[in-house]
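Peer 1: Here's a structure for you.
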Amino acid sequence: MTSTESIMRVLWDELVRQGRWTFYLFGERGSPYAQGAVSTWPHVQDVLIVWDESDAIAYRSPRVEGSEFAPTHVLRDYVYRGPTTWTLRWILACAPPTDTLLPLDAVPPGFPMPRSRLRPARIFPPGVKAGEVQA
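Here UniProt numbering is used: the first residue of the sequence shown is 1, the next is one more, and so on.
Laid out in structure tokens, this is it:
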């Protein structure tokens, strides 16, 4: 395991430890093309999508059921895209949301994941490890 993989594992483990993230796998069971995580707050949701070690995106968007991975708007200054390790660090460092309404920015079509790529997804609710879920 490389040092980058070790750091990524520690950061993913921190998301699991927090116990408030729902995890998603996109693609076939043995070879997902992306991993996702969503933390839901009363009015917003924090979203993380990892395509590979070098590419991930994280953002905070208004909470709209079913829009986690295809939002129409994101909160200004709450979008980060880069290498996975840095994106994980960024999302873990985000302060919990407040009741203050922040400006929204519209997102371009296909941000961050085209709807055609949203299925099939396997979902792991907070507190459930992937190995405990039966397909």
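Where a beta carbon is used, it is the ideal one built from N, C-alpha and C, also for glycine.
(1) Helix, strand or coil, according to DSSP, for residue 5 in the structure here?
(2) Is there a Cβ from chain C that is less than 9 angstroms from the Cβ of residue 83?
(3) What did DSSP end up calling residue 133 once you bin it into helix, strand or coil?
(4) Between residue 74 and residue 54, is the Cβ-Cβ spacing less than 9 angstroms?
(5) Applying the criterion that 16 or more other CB atoms from any shown protein chain within 10 Å of the CB defines a buried residue, is residue 132 buried or exposed?
(6) Is residue 81 near residue 95, with beta carbons less than 9 angstroms apart?
(7) At which residues does the beta strand (DSSP E) containing residue 34 begin and terminate?
(8) Which residues in the same chain as residue 28 place their Cβ atom closer than 6 angstroms to its Cβ, once the five residues preceding and following it in sequence are excluded?
(9) I'd like the span of the beta strand (DSSP E) that includes residue 137, first residue to last.
(10) Are residue 63 and residue 102 close, meaning C-beta to C-beta below 9 angstroms?
Peer 2: Working from what's here:
(1) Along the sequence shown, read from residue 1 onward, the residue named residue 5 stands at position 5. Residue 5: helix per DSSP, three-state reduction.
(2) Protein chain content of the structure displayed is limited to a single chain, and chain C is not contained in it.
(3) Taking the sequence shown and counting its residues from 1, the one referred to as residue 133 is at position 133. With a pLDDT of 44 at residue 133, under the threshold of 50, the modelled position of that residue is not reliable, and the figure given next carries that caveat. DSSP places residue 133 in coil when its eight states are reduced to three.
(4) As a position in the sequence shown, residue 74 is number 74, starting the count at 1. As a position in the sequence shown, residue 54 is number 54, starting the count at 1. No, the pair does not count as a contact, with Cβ atoms beyond the cut-off.
(5) Translated into the one-based positions of the sequence shown, residue 132 becomes position 132. Caution is warranted here: a pLDDT of 48 is assigned to residue 132, below 50, making its placement in the model unreliable, and no coordinate value can be reported.
(6) Here the question's residue 81 lines up with position 81 in the sequence shown. Here the question's residue 95 lines up with position 95 in the sequence shown. Going by C-beta atoms, residue 81 is not nearer than 9 angstroms to residue 95.
(7) Along the sequence shown, one-based indexing puts residue 34 at 34. Residue 34 -> beta strand (DSSP E) spans 31 to 40.
(8) Locating residue 28 in the sequence shown gives position 28, counting from the first residue. There are no such residues.
(9) This structure cannot settle anything about residue 137, because the visible part of the chain is limited to 1 through 135.
(10) Sequence index remark: in the sequence shown, residue 63 carries index 63 (1-based). Sequence index remark: in the sequence shown, residue 102 carries index 102 (1-based). Result no, Cβ atoms of residue 63 and residue 102 do not sit closer than 9 angstroms.
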